[in-house]
Amino acid sequence: MATCKSLNEGLFEAFNVGKSLRGKGYCGRFAPSPTGPLHLGNLRTALVSWLKARMSQGKWLLRIDDLDTPRNRPGAIESIQNDLLWLGLSWDDQVVFQSQRIDLYVSALSFFKSQGKIFACQCTRKTLDKDNNTFGEFITYSGKCKNLGLDLEPKKDQLTSWRLKVNKKFSRTAGDLIVRRSDGFIAYHLATVVDELTLGINEVIRGNDLNPAMYVQLAIFDAFNQSPISYGHVPLMLNSDGTKLSKRHGGVCVDSLKKQGMNSSKVIGCLASDLKLVPSNTELSSLELLDYLRSKKTNLDNLLQERFTSEN
1 MATCKSLNEG LFEAFNVGKS LRGKGYCGRF APSPTGPLHL GNLRTALVSW
51 LKARMSQGKW LLRIDDLDTP RNRPGAIESI QNDLLWLGLS WDDQVVFQSQ
101 RIDLYVSALS FFKSQGKIFA CQCTRKTLDK DNNTFGEFIT YSGKCKNLGL
151 DLEPKKDQLT SWRLKVNKKF SRTAGDLIVR RSDGFIAYHL ATVVDELTLG
201 INEVIRGNDL NPAMYVQLAI FDAFNQSPIS YGHVPLMLNS DGTKLSKRHG
251 GVCVDSLKKQ GMNSSKVIGC LASDLKLVPS NTELSSLELL DYLRSKKTNL
301 DNLLQERFTS EN
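Just so we're aligned, residue 1 is where the sequence shown starts under the UniProt record's numbering, counting upward by one.
Put into structure tokens, the structure is as follows:
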């Protein structure tokens, strides 16, 4: 059986591998959850991330965030891959599945436990809504259970999550955050940071709705005593009524566009024109768009909002 020390050593060895990979050049990633088909907003973000990697002569990885198994949908992984390839957004290396990396995430929990950075929390959603603090639209934990000394492994009828004690400088923007959910699943933010650190990711480009997640993830980098990566956020693609596109509300997906007779070049042109990269009604492939932006020496960083660079 692996000891706590060996688990910690394995984790930081993986961190060092990731650091070495980051030193070899730019590496971005696209990390959808297999909860349904990608909508146009997802694809537009993927396009920006892919373009940034290719214009940086770097790598672009595809990671499937499939840890939350109750939400996964049959056929969604194949649909995601097919949609990206149809648009010419090919990825490097093998697809990464979070469900195949659980040992790494468990090692991360073991490390935090060994450092005394984990505490048990039995707050319900109702309690959290009542007691927690707010940072903009983001809710941070009030610390209600922090000093109660609750058992990390309670009786079966008690729902207990594990929270990470964050550095004081993150108390307002992140708060003590959940790293293991009360149902036993590894929390999204912990798995994500472990992946960025071990896969050699230099920069994450994603939708602006995930900006609050950046502060949570920066707190986890800090807890690991690891240098953070860079983040950039793409303005959201909105419905005609001003609401954001989402899978939950039936955002337009590739299959529906195909049924309307749209080819991949028209979809790429639509996404690029929405980003003000090309004129309206332009039709071009992803590679043609890449060549066009290179010829114009376009700086894609100008598209990004709420940036955080690793030099900050």
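Glycine included, every Cβ here is placed at the ideal spot set by N, Cα and C.
Check	Outcome
Beta-carbon contacts of R307 that lie in its chain and below 6 angstroms, excluding the five residues immediately before and after	G232
Spatial distance of D195 from C253 (CA atoms)	27 angstroms
Endpoints, alpha helix (DSSP H) assigned at I153	What sits at residue 153 in the sequence shown is Glu, not Ile. That residue, E153, is in no alpha helix (DSSP H); it is neither H nor E in DSSP.
Backbone secondary structure at H249 - three-state DSSP	Because the pLDDT at H249 is just 49, under 50, the model does not fix this residue reliably, and the point stays unresolved.
Selection from L199, S273, S33 and L290 that minimises the alpha carbon distance to P74	S33
Helix, strand or coil at N147 according to DSSP, with G and I counted as helix	coil
Candidates T282, G207 and S230: closest to L218 by CA position	S230
Coil, strand or helix - C270 by DSSP	helix
Enclosing beta strand (DSSP E) for E203 [first to last residue]	E203 to G207
CB contact flag (N8, S107, <8 angstroms)	yes
Q305 versus D274: straight-line alpha-carbon distance, rounded	16 angstroms
Same chain, Cβ closer than 7 angstroms to F185, five either side skipped, listed in chain order	L67 and D68
For S161, the residue or residues it bridges with in DSSP	C121
Residue nearest to G28 in terms of C-alpha spacing, selected from S79, L47, G36 and H39	L47
Neighbourhood of L287 by C-beta distance below 8 angstroms, restricted to the same chain and skipping five residues each side	G88
The stretch 220-227 in contact with the stretch 37-53 per 3-pair CB rule at 8 angstroms	no
Assigned exposure category for R180 - 16 Cβ within 10 Å defines buried	buried
Span of the alpha helix (DSSP H) around S256	V254 to K259
Limits of the alpha helix (DSSP H) - the one that E196 falls within	Y188 to L199
Span of the beta strand (DSSP E) around K59	K59 to I64
Reduced DSSP category for I178 - H, G, I as helix; E, B as strand; rest coil	strand
Nearest neighbour of V96, chosen from T173, N72, W60 and F12 [CA to CA]	W60
Cβ contact (3+ pairs, closer than 8 angstroms) linking the stretch 119-128 and the stretch 197-205	no
Burial state of N167, where buried means 16 or more other Cβ atoms lie within 10 Å	exposed
Supposed close pair residue 349, G36 - CB separation, criterion 8 angstroms	What is shown of the chain runs 1 to 312, which leaves residue 349 out entirely.
Distance between beta carbons of A120 and C145, contact taken as under 8 angstroms	7 angstroms
D83 versus R172 - alpha carbon distance	39 angstroms
Cut-off 7 angstroms between Cβ atoms - residues of its own chain near N211, not counting five sequence neighbours on either side	H233 and E306
Start-to-end residues for the beta strand (DSSP E) that takes in G232	S230 to V234
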